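Engineer: Just so we're aligned: 119 in the UniProt record's numbering is position 119 of the sequence shown, and the numbers increase by one with no gaps anywhere.
Idealized CB from N, CA, C, for every residue including glycine.
Since this is a predicted model, take the numbers as computed values, not measurements.
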Amino acid sequence: MKIIFTKTMLFLMFLTFFSCETKKQKEEPKPYKAGVILSFDDAYVDEWFEADQALKKYGWKATFNVCKIDSLGEPQIKKLLQMQKEGHEIAGHGYHHYNAVKFVKKNGLDAYMNQEIYPMITSMKNKGFNVTSFAYPYGMRSDALDHALSSKFKIIRGRAFGGEIPEKQDSYFNNSKIVFAFDIDNSHIHFSIPYVLELLDYAKKHNKILLLCGHRPVKNVSKNYEVKIETLEFVCKYMKLNDLKFYTLNDLDTLIPQK
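Given below as structure tokens:
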């Protein structure tokens, strides 16, 4: 059977092909350089500032997720503003630091937004912080919370609680605005320098962005929710030696494919 292609048929085929190719191009993730996001939670501003002084030599930048903003004094606010001016990101971590899942279960989603999110955004904006990222306290989240917060923040960060092999670890940017970070506090059950090295090697080899989080940077660990400055230096040295890039949470927004 002989098939005859008319000009109309050829034109329609061309349009279909062009449309598919255009759609494919729009959906493809933007290329990016392998790197790391170092993020810190709660309100350890003085310790964050000291860590910043120690790590400037590596050209680092980090995201500091602040809670209880109205409990901070003027010296701490000035330090945060200075770090923001130097390229670090100041992000949200809740007005009161409520466990979002427990609070919503008891009081409802509207109450959570009215008591924990809106006051935080307003107060931080009034103090000079344009908050575009949010990290859940305790890493506790739900799909309903993600949906409610998606209109308020460009990037929403939870926590990756497991210690799986790197290729199964959730702590790599996945082209989504919902991301997860691996905890490098010394008290974290899955933390160890050899494991962090595995995660970094995987990011380098597969061109991934690794997300790490901690709380209070200290020289010597004496309690929970503390990360050694030595650990942060290890990560920074690795990145400098292997030409990895420092990202903030907000940087990820520009890398998400547009639908």
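Among all the DSSP beta bridges, which residues are the ones paired with residue 44?
Structural biologist: The partner list for residue 44 (beta bridge, DSSP) is empty, contrary to what the question assumes.
Engineer: Please go through the same chain and pick out, in chain order, the residues whose beta-carbon is closer than 6 Å to the beta-carbon of residue 243, but skip the five residues on each side of it.
Structural biologist: Answer for residue 243: no residue qualifies.
Engineer: Residue 197: buried (16+ other C-beta within 10 angstroms of its C-beta) or exposed?
Structural biologist: Looking at its Cβ environment, which holds fewer than 16 other Cβ atoms inside 10 Å, residue 197 is exposed.
Engineer: Round the Cβ separation of residue 153 and residue 134 to the nearest angstrom and send it over; I've been treating them as touching at under 8 Å.
Structural biologist: About 4 Å; that satisfies the 8 Å criterion.
Engineer: Measuring CB to CB, does residue 71 end up less than 8 Å from residue 249?
Structural biologist: Cβ distance not < 8 Å, so residue 71 and residue 249 don't count as in contact.
Engineer: Closest by CA to residue 32, which one among 193, 164, 190 and 203?
Structural biologist: When only C-alpha atoms are compared, the closest one is 203.
Engineer: Quick one: what's residue 236 bridged to in DSSP?
Structural biologist: Paired residues: none, contrary to the question.
Engineer: State the beta-bridge partners of residue 156 as determined by DSSP.
Structural biologist: 134 and 178.
Engineer: Excluding the five sequence neighbours on either side, which residues of its own chain have a C-beta within less than 6 Å of the C-beta of residue 67, listed in chain order?
Structural biologist: For residue 67, where only same-chain residues beyond five positions count, the Cβ hits under 6 Å are 42, 43, 93, 94 and 97.
Engineer: To the nearest angstrom, how far is it from the Cα of residue 211 to the Cα of residue 65?
Structural biologist: Residue 211 and residue 65: Cα-Cα distance of roughly 14 Å.
Engineer: Using 8 Å as the threshold, is the C-beta distance between residue 217 and residue 86 below it?
Structural biologist: No.
Engineer: Give me the Cα-Cα distance between residue 221 and residue 155, rounded to the nearest whole angstrom.
Structural biologist: Roughly 30 Å between the two C-alpha positions.
Engineer: Let me know the secondary structure DSSP gives residue 253 once reduced to three states.
Structural biologist: It is helical.
Engineer: According to DSSP, what are the bridge partners of residue 211?
Structural biologist: According to DSSP, residue 211 bridges with 37.
Engineer: Pull up the distance between the alpha-carbon of residue 161 and that of residue 183, whole angstroms please.
Structural biologist: Spanning the two alpha carbons is a distance of roughly 8 Å.
Engineer: Consult DSSP for residue 191 and reduce its assignment to one of helix, strand or coil.
Structural biologist: Reduced to three states, the DSSP call for residue 191 is coil.
Engineer: Report the option in 60, 73, 175 and 102 whose CA atom is closest to the CA atom of residue 83.
Structural biologist: Nearest C-alpha to residue 83: 60.
Engineer: So, using beta-carbon positions, are residue 141 and residue 179 closer together than 8 Å?
Structural biologist: No, they are not a contact pair.
Engineer: With DSSP as the reference, label residue 248 as helix, strand or coil.
Structural biologist: Looking at residue 248 - three-state DSSP - the assignment turns out to be coil, as it is neither helix nor strand.
Engineer: Could you tell me the distance, in whole angstroms, from the CA atom of residue 246 to the CA atom of residue 62?
Structural biologist: Their Cα atoms are separated by approximately 8 Å.
Engineer: Would you check if the distance between the CB atom of residue 58 and the CB atom of residue 236 is smaller than 8 Å?
Structural biologist: Against a cut-off of 8 Å, the Cβ pair of residue 236 and residue 58 comes out as a contact.
Engineer: Any idea if residue 239 is buried or exposed, counting beta-carbon neighbours within 10 angstroms, 16 or more meaning buried?
Structural biologist: So residue 239 ends up on the buried side.
Engineer: Inspect the beta-carbon positions of residue 214 and residue 185 and report whether they are closer than 8 Å.
Structural biologist: Yes, the Cβ-Cβ distance between residue 214 and residue 185 is below 8 Å.
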